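One structure below.
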């Protein structure tokens, strides 16, 4: 054969006309593809699992688990994934990290690799479409879990970056919104976990949302016992679970802390440390260990978990973050809307105790109406944001709020880290001072509604002197109310704090300080601490303020206690006459002195005089007090008893 011919044959052998065929990959069998092992310590959560299992079992079923961070949404999803595959081994189960676009894309690439989709390695391939189409064509049932969809913006835009801000994915520009690559087909179901109800509603119908609440007492105890094992007595474990508000992540975190430091740390010792101070509580709740079944990029610390959401709200709606900041200082329950609202010009003037609000005609009124209308819209929108993240809840009226104490603690920690704690602490004190009334009977309903918030203020003393003065006013008014309703322990504590604060910032001789001293003395007297009360009253009387009545009241009470009726009579007459001159014959305080004198006469066996005076007291009280007032009721009862003798 000629050389050229041999060369031609050789060339044909080396350079075939068509490239070699790539052998198709063998399709894998259905399996569960999630990055977490099943939790052997899983605790049933009532009917929650059944609720979303039923929704996912329907053709083209979708459901969203929505709740506070750390409440156990992902753990429920993991358990559902394993149960689904165990009950139906022919079902594919896939897990998608959906906190941002980068992780969403990587999860889709991992799925494509696992199921060996042809063309997945082509740089120009749309990996989202490949997975979408495969799922649509799949002959077996499948479950897709989208975990941590707290910010759904990246799913709604056609062009997104890894942070969901709207540019590109890691490798390509996607023109269609990523949400469109979540298939609708009869054989598939999708389960979403998110802290944000607004995000959930971008992916499922409202009827398909399943709200995940903290555990109940039995569930919290069961989880603690599974994590701790035999250590810790039941009462300590129950108390710690309640202290942590049955929040699963906080329970797991505390158990890990105790176990790591055992035997030097026990449940009882953890509780003791937790009670020491707010700083110690935040330190314990900052512990970032103990959970193997959480996303590797998620934090095991309940404090940090929530602070990530705080940051998101701060970036997307700062006014809602401001509202949450303010709410974090109140008692966790029964927070009325009035305590949280921005105040109008006139309200500010009244708050600052101006004697007269300058009238600028209709101009100020229009400004206030405009400010109120705009404020209504803003406030309502802020409330929606915070409710969507489950940081707050409302009563049936929508005007009284509640939040978890642990969320408040985390928020204050975040404020401190961002140098905002003092600002919002002062705002809390200012709002409470403007709203908490004096302790007269007609204010009792308002005082009762705000009383727990005044007690919460005990732990929130500001640093600024003007704010300390406002803080002391809140405590003084709360002490006033406490003395009127006979809560001696609270009255003494609140009045003493107010007195000490006023001494520090206003001085010993200031009138407000002197009234605080008198309030402490009243609290001492109510508690039977007569000598201490008299000592304070002498200090009060010697300070140059003309309040002889206060000294007389103190002396009269001591005389009654010692059953020195003649001395008591003389002093009660003195007090009554002084009050008649200063306050008027029908003033409630004057009538109280009249009743005291009647009791003294009764003790001296001067029954006819006592009954006549008490009858006069009842008649005058009926004219000045509302029906049902405790002073009126008590004198009526006493008069009836005396007349029946």
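Residue numbers (the UniProt record's numbering): 1 to 645.
Built from N, CA and C at the ideal position, the CB exists for glycine as well.
None of the values given here were measured: they were computed from a predicted structure.
According to the Cβ coordinates, are residue 98 and residue 210 closer than 8 Å?
No, these two residues do not count as a Cβ contact at 8 Å.
Which whole-angstrom value describes the C-beta separation of residue 336 and residue 400, a residue pair presumed to lie in contact below a C-beta threshold of 8 Å?
Confirmed, Cβ separation roughly 6 Å.
So residue 618 and residue 635 are supposed to be a Cβ contact under 8 Å. How far apart are they, rounded?
Confirmed, about 5 Å.
Give me the Cα-Cα distance between residue 578 and residue 589, rounded to the nearest whole angstrom.
The alpha-carbon atoms of residue 578 and residue 589 are separated by roughly 11 Å.
Would residue 45 and residue 76 qualify as a contact pair, given that the criterion is a beta-carbon distance under 8 Å?
A contact, by the Cβ cut-off of 8 Å.
Does the beta-carbon distance from residue 433 to residue 421 come in below 8 Å?
No, the pair does not count as a contact, with Cβ atoms beyond the cut-off.
Going by the DSSP bridge assignment, what does residue 95 pair with across the sheet?
According to DSSP, which records beta bridges pairwise, residue 95 is partnered with 145.
With a threshold of 6 Å on Cβ separation, who are the neighbours of residue 609 within its own chain once the five nearest residues in sequence on each side are excluded?
Cβ neighbours of residue 609 beyond the five flanking positions: 601.
Could you tell me how far apart the beta carbons of residue 303 and residue 282 are, in whole angstroms, since I believe they sit closer than 8 Å?
Indeed they touch by this definition, with Cβ atoms about 6 Å apart.
For residue 665, which three-state DSSP category applies?
This structure gives no information on residue 665, because the portion of the chain shown stretches from 1 to 645.
Under 8 Å by Cβ, that's how I've got residue 187 and residue 265 pegged, so tell me the actual separation to the nearest angstrom.
With a Cβ gap of about 51 Å, residue 187 and residue 265 do not count as contacting.
Within this structure, are the beta carbons of residue 498 and residue 436 separated by less than 8 Å?
No, the pair does not count as a contact, with Cβ atoms beyond the cut-off.
Are the Cβ atoms of residue 91 and residue 143 separated by less than 8 Å?
Yes, Cβ-Cβ distance for residue 91 and residue 143 is below 8 Å.
Among 587, 426, 33, 109, whose alpha-carbon lies nearest the alpha-carbon of residue 129?
Checked all of 587, 426, 33, 109; the closest Cα to residue 129 is 109.
So, do the region 77-85 and the region 205-223 have three or more beta carbon pairs nearer to each other than 8 Å?
Too few Cβ pairs lie closer than 8 Å, so no.
Mind checking which residues open and close the alpha helix (DSSP H) that includes residue 643?
630-644 is the extent of the alpha helix (DSSP H) around residue 643.
Using CA coordinates, which residue listed in 260, 490, 230, 214 is at the minimum distance from residue 244?
Looking at the Cα atoms, 214 is the closest of the given residues.
Identify whether residue 402 lies in helix, strand or coil by the three-state DSSP scheme.
It is a strand residue.
Could you check what DSSP says for residue 529 in three-state terms: helix, strand or coil?
Here residue 529 sits in coil by DSSP.
Measuring straight from C-alpha to C-alpha, what distance separates residue 181 and residue 132?
Roughly 5 Å separates the two Cα atoms.
Who are the Cβ neighbours of residue 328 in its own chain at under 6 Å, not counting the five residues just before and after it?
Contacts found: 408, 411, 412.
Buried or exposed, going by whether 16 or more other CB atoms sit within 10 Å of the CB of residue 703?
Because residue 703 is not part of the residues shown, which for the chain are 1 to 645, the question remains open.
What residue range is occupied by the uninterrupted beta strand (DSSP E) comprising residue 332?
Premise fails: residue 332 is in no beta strand (DSSP E) and is neither H nor E.
Can you list, in chain order, the residues of its chain with a C-beta nearer than 7 Å to that of residue 595? Leave out the 5 residues immediately preceding and following it.
Around residue 595: 614, 617, 635.
State buried or exposed for residue 462, treating a residue as buried only when at least 16 other CB atoms are found within 10 Å of its CB.
Buried: at least 16 other Cβ atoms inside 10 Å.
Between the region 318-327 and the region 193-208, do at least 3 Cβ pairs fall closer than 8 Å?
They do not touch, by the three-pair rule.
Straight-line CA distance for residue 530 to residue 71?
Roughly 52 Å between the two C-alpha positions.
Give me, in chain order, the residues of the same chain whose beta-carbon lies closer than 8 Å to that of residue 456; leave out the 5 immediate sequence neighbours on both sides.
Excluding positions up to five away in sequence, the list reads 329, 330, 331.
Between residue 240 and residue 271, is the Cβ-Cβ spacing less than 8 Å?
Going by C-beta atoms, residue 240 is nearer than 8 Å to residue 271.
Between the C-alpha atoms of residue 580 and residue 341, what's the straight-line distance to the nearest angstrom?
Whole-angstrom Cα-Cα distance: 42 Å.
Only counting runs of 3 or more residues, tell me where the beta strand (DSSP E) segments fall wholly within the region 48-120, in order along the chain.
Listed in chain order, the complete beta strand (DSSP E) runs (minimum 3 residues) inside the region 48-120 are 61-66, 92-97.
Taking the alpha-carbon positions, what's the residue 439 to residue 468 distance?
Straight-line Cα distance between these residues: approximately 20 Å.
Measure from the alpha carbon of residue 259 to the alpha carbon of each residue in 235, 140, 225, then state which is nearest.
Taking only the C-alpha atoms, the option nearest residue 259 is 225.
If you follow the beta strand (DSSP E) that residue 193 is part of, which residue opens it and which one closes it?
Counting along the chain, the beta strand (DSSP E) containing residue 193 begins and ends at 188-194.
Taking Cβ to Cβ, would you say residue 33 is nearer than 8 Å to residue 121?
No. Outside cutoff.
By a C-beta neighbour count over all protein chains shown, 10 Å radius and 16 as the cutoff for buried, is residue 262 buried or exposed?
So residue 262 counts as exposed.
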